[in-house]
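What follows is a short report on a single structure.
Number of protein chains: 4
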Amino acid sequence: MPENKMNRDELQERLLQSPFHQWLALDVTEVNEEEIVIRVPWRSEFVVNVKVGYMHGGILATIIDVAGDYAVAAKLGRPFPTVDMRVDYHRAALEGDIFAHARIVKLGRLFAVAEASVLDADNNLLASGRGVYAVAAPK
Amino acid sequence: MPENKMNRDELQERLLQSPFHQWLALDVTEVNEEEIVIRVPWRSEFVVNVKVGYMHGGILATIIDVAGDYAVAAKLGRPFPTVDMRVDYHRAALEGDIFAHARIVKLGRLFAVAEASVLDADNNLLASGRGVYAVAAPK
Amino acid sequence: MPENKMNRDELQERLLQSPFHQWLALDVTEVNEEEIVIRVPWRSEFVVNVKVGYMHGGILATIIDVAGDYAVAAKLGRPFPTVDMRVDYHRAALEGDIFAHARIVKLGRLFAVAEASVLDADNNLLASGRGVYAVAAPK
Amino acid sequence: MPENKMNRDELQERLLQSPFHQWLALDVTEVNEEEIVIRVPWRSEFVVNVKVGYMHGGILATIIDVAGDYAVAAKLGRPFPTVDMRVDYHRAALEGDIFAHARIVKLGRLFAVAEASVLDADNNLLASGRGVYAVAAPK
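Which chain is which? The protein sequence lines are A, B, C and D, in order.
Under numbering that gives the first Met the number 0, the first sequence has 116 at position 117, and the numbering climbs by one with no breaks.
Under numbering that gives the first Met the number 0, the second sequence has 89 at position 90, and the numbering climbs by one with no breaks.
Under numbering that gives the first Met the number 0, the third sequence has 79 at position 80, and the numbering climbs by one with no breaks.
Under numbering that gives the first Met the number 0, the fourth sequence has 50 at position 51, and the numbering climbs by one with no breaks.
What follows is the structure, encoded as structure tokens:
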């Protein structure tokens, strides 16, 4: 695996060029040679079930896709288009910040595979999954 | 396959109980015994890439999950928790409304599988995928 | 979608170049511009559960991968490496031939997505799924 | 996570009740509280491409499904039906034994999620993926 080409501040700046990432207020809380961690602060708009108050699965899917993409971006210098994505839901995400931990499974010539786990502040596993990114795609 | 238990207005009302669905302004535009169609009107917050202006994959993943879940809800009377979800991305979604067409692949005793395709107003295929829903889960 | 480049006999000949396909005795029973159908005759070695006598999920996964790949081969003139694959299992496959029906979902420049359904001789849906194929890969 | 209910010999005996597992000559080489490792010895029938001589992706998919299922079996005392399965292919598997390393991601009340990586004898990553197992299913 090559060394990182982007540091935390560069990844954060690139991340927030996206209006959707701004709306989600995404925050790169850590990046090292193995892993990137992105925090998503709670928003009341995230709720799917008002009685129990838990977060919509679409937010969890989004952050798995983004964290995987930025695990690749850290190594290759920019994010890449997602080819496909899969999410397993493990536990209802109640009110509170969530943290997506992502790492690269395989960095290929045409495709990269990255996986991410989403935890709450108590380290409960909420969801996990993978994305495939087209790293040969032109800018 | 059983007959539908919820009509368009009932599905729409249930759908909009979710704050995230309200933010997305989801609209059930059609439901019949085979298919449900949900429209997502464009929002500028959806953009991931400001230069090209295309929609974030997380929005496409969200609407595939929701449309699959409501294909099941039409038959069974309510939505169910998503066990897992997969999305294939086919084409960048530029500014404009999108339409998710979903149908049930298999309605089992413990879980249901539904698939959805997301089209733009010109019927270009933007993304497609599947969700598995835990239909034996308690309310 | 382009017109087919390979007919039934050409696909069958190419298919059986693989020793594993020979062991499975795969048979292209139909190919048209929309769909390819591949038959897998029953073998007693396929069984996973000797009491009930149903087929191993790995055989169902294999035939979904192969059928998707050959749906692409029909259009592009040869099979391509699988990037990833997903299978949903719907019903135990008891003794008897099975038939995988595959079609292309999206034929892109870098990759193709194909989906397949596996039916028994009574048209019961046993499994279904998708593969992504790297159509830009060198021969 | 509960303690294992089956040891190596019990898992091996259960595994080989399946004729397909016998044909594959599957061998549980290690099991501990975190992980199970299953070896698949090379067979010439596995080949998909006779020129290069690499293994069919269906064999890799099969062993990911089996290893995930037996990671669950180690904890719960028996294997369970697979709900769905996903495989990412990372590298062509040339002649030689392969080793699937599997662990449980989440052991739920209705479903368990397990992941597996398949390595060759030189620890090259060939494929990896996940299965969902219906742990509430009756025997």
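The beta-carbon is built from N, C-alpha and C at its ideal position, and this holds for glycine as well.
D:Asn31 counts as exposed, since fewer than 16 other C-beta atoms from the protein chains shown sit within 10 angstroms of its C-beta. Apart from the 5 residues on each side of it in sequence, B:Gln21 sits with its Cβ closer than 7 Å to the Cβ of Leu15 in its chain, given in chain order.
Across the set A:Lys50, A:Leu25, A:Glu34, A:Leu10, the C-alpha of A:Leu25 shows the shortest separation from the C-alpha of A:Arg42. Interface criterion met: the Cβ of C:Pro80 is under 8 Å from a Cβ in chain D. With respect to chain B, the C-beta atom of D:Val131 has a partner C-beta closer than 8 Å.
Residue-level contact check: B:Leu109 touches chain D, since one or more beta carbons of chain D fall below 8 Å from its beta carbon. Per DSSP, the continuous beta strand (DSSP E) segment holding B:Val117 begins and ends at 111-119. In terms of Cβ geometry, D:Val39 and D:Leu23 form a close pair [threshold 8 Å]. Counting along the chain, C:Glu29 sits inside no alpha helix (DSSP H); it lies in the beta strand (DSSP E) bounded by residues 26-30. At a cut-off of 8 Å, the C-beta of A:Ala120 has no neighbouring C-beta in chain C. Between A:Glu12 and the set A:Met54, A:Arg102, A:Ala73, A:Phe98, the nearest pair of CA atoms involves A:Ala73. Identification of residues in the stretch 37-68 of chain C having a C-beta nearer than 8 Å to some C-beta of chain A yields an empty set. As computed with DSSP, C:Ile63 is found in no beta bridge at all.
Apart from the 5 residues on each side of it in sequence, C:Gly76 sits with its Cβ closer than 8 Å to the Cβ of Lys4, Met5 in its chain, given in chain order. By a beta-carbon distance limit of 8 Å, A:Glu44 contacts B:Pro18. Their separation comes to about 5 Å. For the 8 Å CB-CB criterion, C:Ala113 and C:Val104 form a contact.
Here A:Phe79 carries a coil assignment [DSSP, helix/strand/coil].
By the criterion of at least three beta-carbon pairs nearer than 8 Å, the stretch 120-137 of chain C is not in contact with the stretch 64-72 of chain D. Residue pairing by DSSP places A:Ser127 opposite A:Asp87, A:Ser116 in a beta bridge. With fewer than 16 other CB atoms across the displayed protein chains lying within 10 angstroms of its CB, B:Ala120 is exposed. Taking 9 Å as the upper bound on Cβ-Cβ separation, chain B lies near residues Val82, Asp83, Arg85 of the stretch 82-99 of chain D.
Note on geometry: alpha-carbon atoms of C:Pro1 and C:Arg102 lie some 13 Å from one another. The C-beta distance from B:Ile97 to B:Val117 rounds to 5 Å, short enough to fall under 8 Å. The beta-carbon of A:Ser17 is placed less than 8 Å from the nearest beta-carbon of chain B. The C-alpha of B:Val49 is placed about 42 Å away from the C-alpha of D:His55. Cβ contact annotation for D:Ile35 (same chain, cutoff 6 Å, sequence separation greater than five): Tyr69, Ala70, Ala73, Ala101, in chain order. Excluding its 5 nearest sequence neighbours in each direction, B:Asn123 has C-beta neighbours in its own chain below 8 Å: Arg90, listed in chain order. The three-state reading of DSSP puts A:Leu106 in strand, counting E and B together. Excluding sequence positions up to five before and after A:Ile37, its CB lies within less than 6 Å of the CB of Leu25, Val27, Ala66, Ala99, all in the same chain and listed in chain order.
Contact between B:Gly107 and A:Thr61 does not hold, since their C-beta atoms are separated by about 28 Å, which reaches or exceeds 8 Å.
Here D:Val82 has Phe110, Val131, Tyr132, Ala133 as same chain residues with Cβ atoms under 7 Å from its own Cβ, once five neighbours each way along the sequence are excluded. Chain D has no Cβ within less than 8 Å of the Cβ of A:Lys74. The alpha-carbon of A:Leu125 is positioned some 32 Å away from that of B:Arg7. For secondary structure counted as the alpha helix (DSSP H) over 4 or more consecutive residues, the stretch 12-58 of chain D holds these complete runs in sequence order: 18-23. B:Ala135 reaches chain D at Leu109, Ala135, counting residues in chain order whose Cβ is nearer than 8 Å. Note on D:Val86: 16 or more other CB atoms within 10 angstroms of its CB, so buried under the neighbour-count rule.
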